[in-house]
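Enquirer: Residue numbers (our numbering): 1228 to 1421.
This structure is in structure tokens; I'll ask about it shortly.
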């Protein structure tokens, strides 16, 4: 699941986020790279990652690019998180490690937190979802601690996790194979990958 989600989310564009404190749910809207078994890419590639049983949401909005160790955090309220995400204009996320990422990914901004909200008690089998936006002069990193994950499409229809992961795998395999169906994204397969 961890590896498959990394493939399915790589180079997707983070469009928005919604936090429902009462239901302990975080919904992240992304424009993903996916391909069906046959035919072209879907006309609507939006997918919503729904994290259930959320115990914590933490984010760091900073005035500097992601690797800048001196970028100061900006204060951020939970109700303003969606506006902050949308202000980046749907930049792509990358790095292949979005589910249960290395601790170093969140440790690097643990002292520069813009918001840190506890929504419930952590469970023994809890996971973490890490998403970010990296602009030229500012960045946003978010981590959600949750119990379960489901996926819906742009019309709120449930997408089986297995199909979501397979769609991403097919897209990347098509890119590495030179499939013209995936040639319009400006992404080039590096030699030796795939």
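Every residue gets a Cβ at the ideal spot worked out from N, C-alpha and C, and that includes glycine.
I'd like to know if the stretch 1391 to 1399 and the stretch 1353 to 1365 are in contact, where contact means that at least 3 CB-CB pairs between them fall below 8 Å.
Expert: At 8 Å Cβ cutoff, the stretches do not touch.
Enquirer: Can residue 1231 and residue 1373 be called in contact, C-beta distance under 7 Å?
Expert: Locating residue 1231 in the chain shown gives position 4, where the first residue counts as 1. Locating residue 1373 in the chain shown gives position 146, where the first residue counts as 1. No, Cβ-Cβ distance for residue 1231 and residue 1373 is not below 7 Å.
Enquirer: What is the DSSP secondary structure of residue 1290, counted as helix, strand or coil?
Expert: By one-based count along the chain shown, residue 1290 stands at place 63. Of the three classes helix, strand and coil, the one that applies to residue 1290 here is coil, per DSSP.
Enquirer: Could you spell out where the beta strand (DSSP E) holding residue 1368 opens and where it closes?
Expert: Along the chain shown, read from residue 1 onward, the residue named residue 1368 stands at position 141. Its beta strand (DSSP E) spans residues 1366 to 1373.
Enquirer: With 16 other CB atoms within 10 Å as the buried threshold, where does residue 1253 fall?
Expert: Locating residue 1253 in the chain shown gives position 26, where the first residue counts as 1. Looking at its Cβ environment, which holds 16 or more other Cβ atoms inside 10 Å, residue 1253 is buried.
Enquirer: Does DSSP classify residue 1307 as helix, strand or coil?
Expert: As a working note, residue 1307 is residue 80 in the chain shown. Note: residue 1307 maps to helix in three-state DSSP.
Enquirer: I think residue 1379 touches residue 1277, with their Cβ atoms under 8 Å apart; what is that distance to the nearest whole Å?
Expert: Within the chain shown, residue 1379 is the residue found at index 152, counting from 1. Within the chain shown, residue 1277 is the residue found at index 50, counting from 1. Yes, they are in contact, since the Cβ atoms of residue 1379 and residue 1277 sit about 7 Å apart, within 8 Å.
Enquirer: Nearest-angstrom Cα distance between residue 1377 and residue 1255?
Expert: Taking the chain shown and counting its residues from 1, the one referred to as residue 1377 is at position 150. Taking the chain shown and counting its residues from 1, the one referred to as residue 1255 is at position 28. Approximately 11 Å between the Cα atoms of the pair.
Enquirer: Identify the residues that DSSP records as bridge partners of residue 1359: which are they?
Expert: Indexing the chain shown from 1 puts residue 1359 at position 132. Paired residue(s): 1368.
Enquirer: Suppose contacts are defined by Cβ-Cβ distances below 7 Å. Is residue 1257 in contact with residue 1274 by that definition?
Expert: Translated into positions along the chain shown, residue 1257 becomes position 30. Translated into positions along the chain shown, residue 1274 becomes position 47. A contact, by the Cβ cut-off of 7 Å.
Enquirer: By DSSP, does residue 1336 sit in helix, in strand, or in coil?
Expert: Taking the first residue of the chain shown as position 1, residue 1336 is located at position 109. Three-state DSSP puts residue 1336 in coil, outside helix and strand.
Enquirer: Determine contact between the stretch 1301 to 1312 and the stretch 1399 to 1412, defined as no fewer than three beta-carbon pairs at a distance below 8 Å.
Expert: Too few Cβ pairs lie closer than 8 Å, so no.
Enquirer: Within the continuous alpha helix (DSSP H) that includes residue 1236, where are the two ends?
Expert: Numbered from its first residue, the chain shown carries residue 1236 at position 9. That run of the alpha helix (DSSP H) goes 1229 to 1236.
Enquirer: Which residue or residues does DSSP assign as beta-bridge partners of residue 1345?
Expert: For the purposes of this step, residue 1345 is taken as the residue at position 118 of the chain shown. DSSP lists 1283 as partners of residue 1345.
Enquirer: Do residue 1332 and residue 1233 have their C-beta atoms within less than 7 Å of each other?
Expert: Reading the chain shown from its first residue, position 105 is the one you call residue 1332. Reading the chain shown from its first residue, position 6 is the one you call residue 1233. No; because the gap between Cβ atoms is not below 7 Å, this pair is not in contact.
Enquirer: According to DSSP, is residue 1208 part of a helix, a strand, or is it coil?
Expert: Examination of residue 1208 is not possible in this model, given that the chain is present from 1228 through 1421 alone.
Enquirer: Using only alpha-carbon positions, find the residue among 1325, 1244, 1260 and 1319 that is nearest to residue 1390.
Expert: As a working note, residue 1390 is residue 163 in the chain shown. The shortest C-alpha separation from residue 1390 is found at 1260.
Enquirer: Sorted by chain position, which residues of the same chain lie with C-beta nearer than 8 Å to residue 1327's C-beta, five sequence neighbours on each side aside?
Expert: For the purposes of this step, residue 1327 is identified with residue 100 of the chain shown, where counting begins at 1. Same-chain partners within the cutoff: 1229, 1354 and 1355.
Enquirer: What number of angstroms, rounded off, separates the C-alpha of residue 1340 from the C-alpha of residue 1287?
Expert: Here residue 1340 refers to the residue found at position 113 when the chain shown is read from its first residue. Here residue 1287 refers to the residue found at position 60 when the chain shown is read from its first residue. Each residue's Cα considered, the two are about 5 Å apart.
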